[in-house]
């Protein structure tokens, strides 16, 4: 399945929104993120295992690059400044210390 920038942005925001602090480290759950994603995009046919891997990939890409984009591609719609500002604000508030691993 090809995921849109909007869907990948939703994944990152869900992850940050649902992170919990345990012993002064933030822990993020692929399961919670997956459940929110499936609720929001219930009309799509998605293989759950594939989604879990994609969630890990998107989060790792965001941590590494600060972007959900895979790279520059002509014709790809840009993300609104509002979404970028929201993600920057969330990123400043939470520091990733636990990276997602492929399942």
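In this note's numbering, the protein residues as written are -17 to 85. Cβ coordinates follow ideal geometry from the N, Cα and C atoms, glycine included.
#1: Let's see if you can read the secondary structure: which residues bound the beta strand (DSSP E) around residue 7?
#2: Using the Cα positions of residue -17 and residue 45, report the straight-line distance between them to the nearest angstrom.
#3: With DSSP run on the structure shown, which of helix, strand or coil describes residue 4?
#4: Please classify residue 47 as buried or exposed, where buried requires at least 16 other C-beta atoms within 10 Å of its C-beta.
#5: For residue 11, which residues from the same chain have a beta carbon less than 7 Å from its beta carbon, with the 5 sequence-adjacent residues on both sides left out?
#6: Ends of the alpha helix (DSSP H) at residue 97?
#7: How many angstroms separate the CA atom of residue -5 from the CA atom of residue 28?
#8: If we call anything under 7 Å between Cβ atoms a contact, is residue 16 one with residue -12?
#9: At the level of alpha carbons, what is the spacing between residue 22 and residue -8?
#10: With burial defined as no fewer than 16 other Cβ atoms inside 10 Å of the residue's Cβ, what is the status of residue 81: buried or exposed?
Looking at the coordinates:
#1: For residue 7, the enclosing beta strand (DSSP E) has its first and last residue at 7 to 9.
#2: 22 Å
#3: The DSSP-derived three-state label of residue 4 is strand.
#4: Per the 10 Å Cβ criterion, exposed.
#5: So the qualifying residues of the chain are 0.
#6: Absent from the structure is residue 97, since the part of the chain shown begins at -17 and ends at 85.
#7: 19 Å
#8: no
#9: 9 Å
#10: Since pLDDT at residue 81 reaches only 49, below the 50 mark, its modelled position is unreliable, and the value read off the structure follows with that caveat. Flag for residue 81 reads exposed.
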